[in-house]
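Residue numbers (the numbering used here): -1 to 177.
Below is one structure, written out as structure tokens; comments come after it.
See below:
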């Protein structure tokens, strides 16, 4: 499982954080544990930060570490809890590639996320919930055009086009006058 807000052991190194997960989650010890930790750090792109205290990592690297710690436990199923939250668009793209890599390794993933682009570019099945009930369930393209989903999460129709010269075209909209 990953957390919405990364929770590494800040005072421990990146390597030690992953090693704890390997030992406690996968039950490995000694050289086997070190080997698994090294493998996960290589695959998650954190190998160059192994000796840094986890508390010194930037947000994307902390999120990578969350995924690495979870992946190090050798899970069959991984729950991602809004792991893309707070990242820039390029960072989300990097994270999506990491999640795809985890999935390609044979791990099933349940991903709770508000960053829709992360989900739609990654998942095979999208389940949309509102008020504790299933609103839509299917492939991402179908779910994203569902009228109820659009109304609840996207504020209505997506087919509104910008007219040249309109406030939306100028980027002013609800922000007020252009300076």
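Glycine included, each C-beta is placed from N, C-alpha and C at the ideal position.
Here the structure is a predicted model, which means the values were calculated and not measured.
Short check: CB of residue i to CB of residue j, under 8 Å?
{"i": "residue 116", "j": "residue 152", "result": "no"}
{"i": "residue 58", "j": "residue 77", "result": "no"}
{"i": "residue 71", "j": "residue 19", "result": "yes"}
{"i": "residue 109", "j": "residue 121", "result": "yes"}
{"i": "residue 44", "j": "residue 63", "result": "yes"}
{"i": "residue 178", "j": "residue 52", "result": "Only positions -1 to 177 of the chain appear in this structure, which leaves residue 178 out of reach."}
{"i": "residue 139", "j": "residue 126", "result": "no"}
{"i": "residue 66", "j": "residue 39", "result": "yes"}
{"i": "residue 128", "j": "residue 96", "result": "no"}
{"i": "residue 100", "j": "residue 69", "result": "yes"}
{"i": "residue 123", "j": "residue 136", "result": "yes"}
{"i": "residue 4", "j": "residue 61", "result": "yes"}
{"i": "residue 82", "j": "residue 111", "result": "yes"}
{"i": "residue 13", "j": "residue 35", "result": "yes"}
Indicate the three-state DSSP secondary structure (helix, strand or coil) for residue i in the structure shown.
{"i": "residue 108", "result": "strand"}
{"i": "residue 36", "result": "helix"}
{"i": "residue 51", "result": "strand"}
{"i": "residue 87", "result": "helix"}
{"i": "residue 5", "result": "coil"}
{"i": "residue 82", "result": "coil"}
{"i": "residue 28", "result": "helix"}
{"i": "residue 23", "result": "helix"}
State the start and end residues of the unbroken beta strand (DSSP E) segment that holds residue i.
{"i": "residue 78", "result": "75 to 79"}
Quick check on the DSSP output: the alpha helix (DSSP H) that includes residue i runs from which residue to which?
{"i": "residue 66", "result": "57 to 69"}
{"i": "residue 14", "result": "12 to 19"}
Contained alpha helix (DSSP H) runs [length at least 4] in the stretch 90 to 157, N- to C-terminal order
Assignment of alpha helix (DSSP H) within the stretch 90 to 157, counting only whole runs of 4 or more residues, yields 114 to 118, 138 to 142 and 145 to 152 in chain order.
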